[in-house]
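Residue numbers (our numbering): 1 to 107. Okay, structure first, notes after.
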């Protein structure tokens, strides 16, 4: 996720701030990587969100798709990746996992 911030978030300013946060509740763990980079248009964000829902990977966003798909295969559908972004305001990617492995599917 940090690599994605650097690769996709850098703009003409050649500098980006990246913020990594984690928090736990009684039931889940949420990790987020945010940047103040160039962000995405609403259309690009929607395309990314749709690509994360596909059962087969598309030609773009393979890393995010892989992580999201693995989380969905192991845990309930309530867990996975969420992306928020706005042009010139940056992007936040959140990964939500169950705390202590609760919600793991029978494999």
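Cβ atoms here follow ideal geometry from the backbone N, Cα and C, with glycine treated the same way.
Under the assumption that residue i contacts residue j (Cβ atoms under 8 Å), give the Cβ distance between them as a whole number of angstroms.
{"i": "residue 95", "j": "residue 45", "result": "Actually they are not in contact, since the Cβ atoms of residue 95 and residue 45 sit about 17 Å apart, beyond 8 Å."}
{"i": "residue 65", "j": "residue 52", "result": "6 Å"}
{"i": "residue 35", "j": "residue 5", "result": "4 Å"}
Starting from residue i, follow the beta strand (DSSP E) in both directions and report where the run begins and ends.
{"i": "residue 80", "result": "80-86"}
{"i": "residue 34", "result": "28-35"}
Measuring only from the beta carbon, is residue i closer than 8 Å to any heavy atom that is part of the ligand ADP?
{"i": "residue 7", "result": "This structure simply doesn't include the ligand ADP, nor any ligand for that matter."}
Quick check on residue i: buried or exposed, where buried means 16 or more other Cβ atoms within 10 Å of its Cβ?
{"i": "residue 85", "result": "buried"}
{"i": "residue 42", "result": "exposed"}
{"i": "residue 93", "result": "buried"}
{"i": "residue 33", "result": "buried"}
List the residues that DSSP assigns as beta-bridge partners of residue i.
{"i": "residue 90", "result": "86"}
Could you check where the alpha helix (DSSP H) with residue i kicks off and where it finishes?
{"i": "residue 21", "result": "Counting along the chain, residue 21 falls outside any alpha helix (DSSP H), though it belongs to the beta strand (DSSP E) covering 18-24."}
{"i": "residue 5", "result": "2-9"}
{"i": "residue 54", "result": "It is not in any alpha helix (DSSP H) - residue 54 carries neither H nor E in the DSSP assignment."}
{"i": "residue 66", "result": "62-74"}
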